[in-house]
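> For the record, in the sequence shown the residue sitting at position 7 is 6 according to numbering that gives the first Met the number 0, with numbers rising by one throughout.
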Amino acid sequence: MALRVAEEWLSSCSGCEIAILNLGAGLLELLRRIELVHIPVLLDHKYFGPLGDGDPDHPDIPEAEVGIISGGVRDREQLETAKLMRQRCGTIVALGTCATHGGIPALINQSTNAELFERYYRGGPTTDPGPDPDQVVPPMLERTYALDEHITVDLYLPGCPPHPDQIAEALTALVQGRDPVLPRKSVCDTCPTIREGKGQLSQVARLVDSPKFDPDQPLSQMRCLLEQGLLCMGPVTAAGCAGSREMAPRCLSARVPCRGCYGPVRRQGNQMLDMLNALASNGVELGSLADRPGLLRFSGAHGRLRPRPAPRKSGE
Ligand code: SF4
Ligand code: SF4
Ligand code: SF4
């Protein structure tokens with residue numbers, strides 16, 4: 000009998016669902032062994048009955064052996080949906096860095112809700128000021144949470160989005176009743192660039208600066224971008240974007256530094272602290288780093304990014 004799989008998206012962009020589709024022909028093969036019983040971003044689903052006459056307090060999500068959830072938790076409706084998925088599904092998979100570490104939506108954790116509502120409902124120069132929304136839209140939680148801050152997660156598939164190879168491996172392993180084989184190293188461990196050694200940096204280059212490389216030469220002939228002075232987060236970012244066919248990390252293939260989208264190497268690691276350590280041990284003057292919170296742009300949940308203190312008034 001096929002493995003029943005339900006999927007939900009919370010505070011997300013649907014890129015993780017596109018990554019599922021990017022399995023391509025592999026998805027057709029998997030669909031012989033799994034049944035997608037619920038995936039609202041791809042298949043229509045009526046939560047409250049076909050005519051909207053179901054129980055308004057109990058949305059309908061079918062039971063499944065596996066529940067995949069993308070996105071973080073930002074509002075009350077998403078929280079209820081996450082809890083309902085936990086009740087209805089045997090194994091919960093957190094799909095994508097938004098679900099595992101908050102992802103890009105958790106950047107908003109640098110502001111309080113009061114600051115955000117003030118800025119967007121009353122501070123816009125091109126819109127009329129209005130009150131905070133309190134109807135139709137679900138109430139906001141106080142910040143963006145990773146999934147495991149509210150429900151138990153059984154399997155983590157980080158990445159923005161995760162590589163289809165890891166999604167295929169996870170689903171295949173669940174069908175076969177075994178543990179999936181997933182990457183455990185850093186992006187640097189899958190990067191073929193030339194590393195000559197530490198201690199050659201003094202400051203981090205500006206983001207607009209370009210690396211030096213010969214476009215006619217393969218990536219293996221380019222010098223490590225961190226050693227060139229660019230802020231490459233490969234040392235503190237989980238591997239996986241290279242896929243399982245010994246390809247290079249995605250951004251490095253485009254001669255662009257890693258921005259950290261797979262989250263920390265250790266699930267509970269702190270990309271900002273780890274990167275500051277890596278830079279300091281390479282002799283970098285940390286004052287040359289323009290944007291420290293930006294080192295958490297993909298992993299700002301779990302209390303890592305917090306509202307900035309209000310500026311002091313003169314005389315205080
Ligand atoms: S992890 Fe990336 S691709 Fe997936 S929902 Fe979040 S922003 Fe979109
Ligand atoms: S720091 Fe960046 S360029 Fe250097 S090895 Fe790591 S991933 Fe590659
Ligand atoms: S190189 Fe880094 S930022 Fe780019 S896809 Fe891979 S993990 Fe994400």
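For each residue, glycine too, the CB sits at the ideal point set by N, CA and C.
Keep in mind the model is a prediction, meaning the values are calculated, not measured.
Bridge partners of Asp74, per DSSP?
Locating residue 74 in the sequence shown gives position 75, counting from the first residue. Partner(s): Met139.
> Does Leu225 come out as helix, strand or coil in the three-state DSSP assignment?
The residue given as residue 225 occupies position 226 in the sequence shown. Three-state result, Leu225: coil.
> So what's Glu64 in DSSP terms, helix, strand or just coil?
Position 65 of the sequence shown, counted from the first residue, corresponds to residue 64. In this structure, Glu64 counts as strand in the three-state DSSP scheme.
> What residues match up with Glu34 in a beta bridge as DSSP calls it?
What you label residue 34 is simply residue 35 of the sequence shown in a count that begins at 1. Paired residues: Arg3.
> Assuming Leu83 and Pro61 form a contact by the criterion Cβ under 8 Å, report the distance between their Cβ atoms to the nearest whole angstrom.
Taking the first residue of the sequence shown as 1, we reach residue 83 at position 84. Taking the first residue of the sequence shown as 1, we reach residue 61 at position 62. With a Cβ gap of about 11 Å, Leu83 and Pro61 do not count as contacting.
> Determine, using beta carbons only, whether Gln270 and Leu294 come nearer to each other than 7 Å.
Taking the sequence shown and counting its residues from 1, one reaches residue 270 at position 271. Taking the sequence shown and counting its residues from 1, one reaches residue 294 at position 295. Yes, Cβ-Cβ distance for Gln270 and Leu294 is below 7 Å.
> Report the residue from Pro130, Leu106, Ile107, Asn108 whose alpha carbon sits nearest the alpha carbon of Arg117.
One-based indexing of the sequence shown puts residue 117 at position 118. Note on residue identity: the sequence assigns Glu, not Arg, to residue 117. Nearest option by C-alpha distance: Pro130.
> Going by alpha carbons, who is nearest to Arg324 out of Ala238, Thr171, Ser287?
The requested residue 324 does not occur in the structure, where the chain is confined to residues 0 to 315.
> Of the residues Ile150, Gly89, Ser110, Arg75, which one's Cα is nearest the Cα of Asp133?
Locating residue 133 in the sequence shown gives position 134, where the first residue counts as 1. For the residues Ile150, Gly89, Ser110, Arg75, the minimum Cα distance to Asp133 belongs to Arg75.
> So which residues put a beta carbon under 6 Å from any heavy atom of ligand 1, going in chain order?
Those residues, listed in chain order, are Ser11, Cys12, Gly14, Cys15, Ser69, Gly70, Gly95, Thr96, Cys97, Gly102, Ile103, Cys159, Pro160.
> Taking contact to mean at least 3 C-beta pairs separated by less than 8 Å, is the region 43-55 in contact with the region 112-128?
The region 43-55 is not in contact with the region 112-128.
> Determine contact between the region 147-166 and the region 104-116, defined as no fewer than three beta-carbon pairs at a distance below 8 Å.
Not touching, per the Cβ criterion.
> Could you check where the alpha helix (DSSP H) with Thr171 kicks off and where it finishes?
As a working mapping, residue 171 is identified with position 172 in the sequence shown. Taken as a continuous stretch (DSSP letters only), the alpha helix (DSSP H) holding Thr171 covers 163-175.
> Step through the CB atoms of chain C and report whether any lies within less than 7 Å of the CB of Val65.
As a matter of chain content, chain C is missing from the structure shown, which is built from one protein chain.
> Under 6 Å from any heavy atom of ligand 3, does the C-beta of Tyr155 make it?
Sequence index remark: in the sequence shown, residue 155 carries index 156 (1-based). No, the Cβ of Tyr155 stays beyond 6 Å of every heavy atom of ligand 3.
> Using 7 Å as the threshold, is the C-beta distance between Gly158 and Gly239 below it?
For this step, residue 158 is matched to residue 159 along the sequence shown. For this step, residue 239 is matched to residue 240 along the sequence shown. Result yes, Cβ atoms of Gly158 and Gly239 sit closer than 7 Å.
> For the region 208-290, list the alpha helix (DSSP H) runs that are entirely contained and at least 4 residues long, ordered along the chain.
Whole alpha helix (DSSP H) segments, 4+ residues: 249-252, 270-280.
> Would you call the region 137-145 in contact with the region 84-91, where contact means no fewer than 3 C-beta pairs closer than 8 Å?
Segments in contact, no.
> Smallest Cα separation from Leu218: which of Gly228, Val255, Ala237?
Locating residue 218 in the sequence shown gives position 219, counting from the first residue. Of Gly228, Val255, Ala237, the residue nearest in Cα terms is Val255.
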